[in-house]
Amino acid sequence: MRLVTTDAIVLRSYNLAEADRIVVCLTRDSGLVRAVAKGARRMKSRFGAALEPYTLIRLSFHERENRDLVAMSGAEILKSNFNLSTSGESAEVLAYMGEMVVEFAPPHETDERLYRMLTACVEALAEHEGAERTITRYFEIWLLRLAGLFPDFRNCASCGVAIDLTGSTTVDVELRPYCKNCGPVNASILAPDVIRIIRASQQLSPSNFVSQHDLNERQSAEMGDLTHRLITRAIDRRPRTLVASSR
Ligand SMILES: [Zn+2]
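Residue numbers (the numbering used here): 88 to 334.
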């Protein structure tokens, strides 16, 4: 058994047997980890409040060969996000982010960029009250982008010419953008301000993005349309992959 210590963010936890909990974490160094916290439900548990969702922890665990579940040996709180997880709107956003990360993160595969993106979004939620919608759109774009599922909005998908930001842009069912000459029939339209916001999101940290962009309802809806279509498609495919690989 190898002892691993890494920074992690708790995504969810649930009860196991009488006294234990299973904790699902996204770690900086080991990807998505499912850990058994022995005795976590006892009054004097050594884990204390460290297993609350969205707490940043220094996690230690023992890897077990050929086992999906690892054995948690320590969890030291780096930052409690208890306030966030108990207030309505940010709690909803956190729950959504957690669910998406569990879907998208490959288990036990290091993805430091996903870890940094998620923790930066959680931090932005804590710093910018009322920016839940904007942070959610940012998170979705980056989740898809890190998974290689977000289209490149700089150039026409057909002829390669730079996308003109003065007019509307057409996108096909795969959400690839087209210039005025190449736009396919039955294409959807994206407003220029939305394209500009999407591009900005790719260059800014979540905190900077939120400081500079307060999405109105239309912008958020247009972007959400786009990201939700891509996410739905990605998740539809993903369960089949999981079943096949666990056989
Ligand atoms: Zn073109």
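Built from N, CA and C at the ideal position, the CB exists for glycine as well.
Measure how close the beta-carbons of A211 and S294 come, nearest whole angstrom, since I'm counting them as under 8 angstroms.
5 angstroms
So R128 and A106 are supposed to be a Cβ contact under 8 angstroms. How far apart are they, rounded?
5 angstroms
Assuming A207 is part of the beta strand (DSSP E), what are its boundary residues?
Segment E199 to E214 is the alpha helix (DSSP H) holding A207; no beta strand (DSSP E) there.
Is there at least one non-hydrogen atom of ligand 1 closer than 6 angstroms to the beta-carbon of V272?
Ligand 1 has no heavy atom closer than 6 angstroms to the beta-carbon of V272.
Whole angstroms is fine: what's the gap from A249's alpha carbon to C269's?
12 angstroms
Just to check my reading of the structure: V188 and L205 have Cβ atoms closer than 8 angstroms, yes? What is that Cβ distance to the nearest angstrom?
6 angstroms
May I have the straight-line CA-CA distance separating L146 from T93, to the nearest angstrom?
5 angstroms
How far does the alpha helix (DSSP H) with F191 in it reach, from first residue to last?
G175 to F191
Have a look at Y183 and A104 and give me their C-alpha separation to the nearest angstrom.
The alpha-carbon atoms of Y183 and A104 are separated by roughly 27 angstroms.
On a Cα-Cα basis, can you pick out the residue from A136, A192 and D155 that is closest to S167?
Taking only the C-alpha atoms, the option nearest S167 is A136.
Quick check on this structure: which residue in R203, L233 and V180 has the alpha carbon closest to the alpha carbon of E216?
V180
Compare the beta carbon distance of E190 and T314 with 7 angstroms and say whether it is the shorter of the two.
no
Determine which residues share a DSSP beta bridge with P264 and list them.
V258
How would you call P264, buried or exposed, if buried means at least 16 neighbouring beta carbons within 10 angstroms?
Only buried fits P264, as 16 or more other CB atoms lie within 10 angstroms of its CB.
Report, in whole angstroms, the separation of the C-beta atoms of C349 and V123, which I expect to be a contact under 8 angstroms.
With the chain running from 88 to 334 in the structure shown, residue 349 is simply not present.
Report whether the distance from the Cβ of N242 to the nearest heavy atom of ligand 1 is below 6 angstroms.
no
Taking buried to mean at least 16 other C-beta atoms within 10 Å of its own C-beta, is I276 buried or exposed?
exposed
Kindly list the residues whose CB is nearer than 8 angstroms to the CB of N170, restricted to its own chain and excluding five residues on each side of it in sequence; keep chain order.
A213
Heavy atom of ligand 1 less than 6 angstroms from the Cβ of C373, yes or no?
Outside the shown range of the chain, which is 88 to 334, sits residue 373, and nothing can be said about it.
Rounded to the nearest angstrom, what separates D198 and G235 at their Cα positions?
13 angstroms
If you drop the 5 nearest sequence neighbours on each side, which residues of the same chain put their C-beta closer than 6 angstroms to that of K125?
In chain order, D107 place their CB closer than 6 angstroms to the CB of K125, counting only its own chain and leaving out the 5 sequence neighbours on each side.
Could you give the distance in angstroms between the alpha-carbon of I282 and the alpha-carbon of T319?
21 angstroms
Nearest by alpha-carbon distance to D312: which of V258, A218, L90 and A244 is it?
V258
So, using beta-carbon positions, are A207 and S298 closer together than 7 angstroms?
no
Give me, in chain order, the residues of the same chain whose beta-carbon lies closer than 8 angstroms to that of Y101; leave out the 5 immediate sequence neighbours on both sides.
R108 and I109
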